[in-house]
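Worksheet for the structure shown next.
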Amino acid sequence: MTHPTGPANWFDRVGIWVLAAATAIPLAWCLEDFRALFWFGDDWDLLNQISQQGFRPWVGTTFAENFVPLFKILWGAAVHIGGGSYFFMVCALWATHMANTWLLARLLRRGGLGVTATVLASVIFGLESSNIESLAWAVQWSSLLSTTFFLAAALVCTPALSGESRWTSGRLALLAATVAASALSFSRGILTGLSLGIAGLFPGGISRRRWILFLIATLVPPVVVAAVIATQSSGNHRDLLPHLGEAFEFGLWIFAFNPLFRLLDLGSANSLTLAVIGFSKVAVIVLAFAFSTRQVRRLLLVLLLVDLGNAALLGIGCYHTGLPAALSFRYQYAALLCTAPFLALAIDAERAVTRRPALDASICRCRPRGVNGDTCVLACRARLAGNRRGMG
1 MTHPTGPANW FDRVGIWVLA AATAIPLAWC LEDFRALFWF GDDWDLLNQI
51 SQQGFRPWVG TTFAENFVPL FKILWGAAVH IGGGSYFFMV CALWATHMAN
101 TWLLARLLRR GGLGVTATVL ASVIFGLESS NIESLAWAVQ WSSLLSTTFF
151 LAAALVCTPA LSGESRWTSG RLALLAATVA ASALSFSRGI LTGLSLGIAG
201 LFPGGISRRR WILFLIATLV PPVVVAAVIA TQSSGNHRDL LPHLGEAFEF
251 GLWIFAFNPL FRLLDLGSAN SLTLAVIGFS KVAVIVLAFA FSTRQVRRLL
301 LVLLLVDLGN AALLGIGCYH TGLPAALSFR YQYAALLCTA PFLALAIDAE
351 RAVTRRPALD ASICRCRPRG VNGDTCVLAC RARLAGNRRG MG
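In terms of the working numbering, the sequence shown is numbered consecutively and its last residue is 392.
As structure tokens, then:
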């Protein structure tokens, strides 16, 4: 296994770019199908609002539970630059997805995961077909852009939180900018700052002043955007109290069953299937935490907080759509992003454990004369355990 904190190798310099480029294979493979797509659904609503209100007033308005001026600026600019071509919008979606895959792989490596786990997580996230709705519907660019800024913010944070870099003024300013950009691109982008802020509540090697600035950079932008949404937009949050049970149940479905239900392509959502999926996701999370270093666990905590927060906000905003809607393709992108590293670590951990019996046997056969076989096996197991703690 590659040591997670070792010097840059071929994968870090070249392999990550190959992974990112590979995510465009489905677009090339189904090019004619993507070319045939046209504006539909919420796309028309946004275009109509621009026409009726004018671009500048439209940018600053809320709709439903959304306040996303940055997304509106970029989306409107893409419509104009592309001359109204829907395929141009689709290409923008896929280009953003490629960037997100690159950022995820870079984040996982910098966060302490090894090459094997990083490749597994990137392939699961980058090439899984359940992402199709997010990569074929122009309005979903909001979610993808927010993800880009989340990954960028996490990349800014990770070296400093692990003590590898200092909290400079430039780093804090960049962190604040990416956190704000995520929140202003997508309503659930407020989770970027909140998750990073909570994960960094106890950072090491940072002065009190820098720590306060860190909390301001991560928590103030999402709180401000959340306040605007709560006071200026319509949505279920205005009459939530009588529907708390429904919101909790919908959120539970979002968290427990995504992305494994679509990832495994199980088809029918009966009670037994859903129960197995839910327990499996919990087991994967526990296993990944158990076989990770302290550095990796901090990154996993951020991803888990985003996954839980995403489920909670969707429970509030979408409980009225019915429980089956919780398994919709549009909710898979964030779920895959947050769960893929856990799956990769769990798979890598299981692979290491299954190698142990064969390794024990080979050591017993090859032990030096006069050395007790049990001693060799114990030494090997100790080394294997050390490798598993740096799993990936």
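Cβ atoms here follow ideal geometry from the backbone N, Cα and C, with glycine treated the same way. On a predicted model such as this, the values are computed, not experimentally measured, just so you know.
Check, Outcome
"Integer-rounded CB distance, given that Leu135 should sit under 8 Å from Leu103", "16 Å between Cβ atoms; not a contact."
"From Leu120, Ser129, Ile73, Gly84, residue whose alpha carbon lies closest to that of Trp29", "Ser129"
"Three-way DSSP call (helix, strand, coil) for Asn9 in this model", "coil"
"Enclosing alpha helix (DSSP H) for Pro324 [first to last residue]", "Counting along the chain, Pro324 falls outside any alpha helix (DSSP H), and DSSP gives it neither H nor E."
"Under 7 Å between C-beta atoms of Val302 and Ser195", "yes"
"Span separating the alpha-carbon of Arg166 from that of Leu215", "15 Å"
"Check: Asn100 C-beta below 6 Å from any heavy atom of the ligand ADP", "As far as ligands go, the structure on display features none, and thus does not contain the ligand ADP."
"C-beta atoms of Met98 and Thr23 nearer than 7 Å", "yes"
"Exposure of Phe34, with buried meaning 16 or more beta-carbon neighbours within 10 Å", "buried"
"The alpha helix (DSSP H) enclosing Cys30, as first and last residue numbers", "Careful: Cys30 lies outside any alpha helix (DSSP H) and carries neither H nor E."
"Ranges of the alpha helix (DSSP H) found wholly within the segment 142-229, counting only runs of at least 4", "169-183, 190-199"
"CA nearest to the CA of Asp43, picked from Gln232, Val224, Leu274, Trp75", "Trp75"
"At least three beta-carbon pairs within less than 8 Å, the segment 304-313 to the segment 214-234", "no"
"For Cys66, the residue or residues it bridges with in DSSP", "Contrary to the premise, residue 66 reads as Asn rather than Cys in this sequence. Beta-bridge pairing links Asn66 to Phe63."
"Beta carbon of Arg109 nearer than 7 Å to that of Thr118", "yes"
"Short Cβ contact (7 Å threshold) for Leu27 with Trp137", "no"
"Beta-carbon contacts of Val139 that lie in its chain and below 6 Å, excluding the five residues immediately before and after", "Asp42, Asp43"
"Where the alpha helix (DSSP H) through Trp94 begins and ends", "86-110"
"Given 8 Å, three or more beta-carbon pairs between the segment 187-194 and the segment 309-322", "yes"
"Neighbourhood of Cys157 by C-beta, 6 Å cutoff - its chain only, sequence neighbours within 5 removed", "Leu196"
"Asn258 vs Ala335 beta-carbon contact at 7 Å", "yes"
"Expected contact under 8 Å - CB spacing of Phe125 and Val228 to nearest Å", "Not confirmed; about 30 Å, so no contact."
"For Glu246, the first and last residue of its enclosing alpha helix (DSSP H)", "244-257"
"Burial state of Pro324, where buried means 16 or more other Cβ atoms lie within 10 Å", "exposed"
"Reduced DSSP category for Asp265 - H, G, I as helix; E, B as strand; rest coil", "coil"
"Buried versus exposed call for Phe250 [16 or more other C-beta atoms within 10 Å across all chains shown]", "buried"
"Reference Ile73, options Gln52, Leu46, Leu172, Ile25, closest by Cα", "Leu46"
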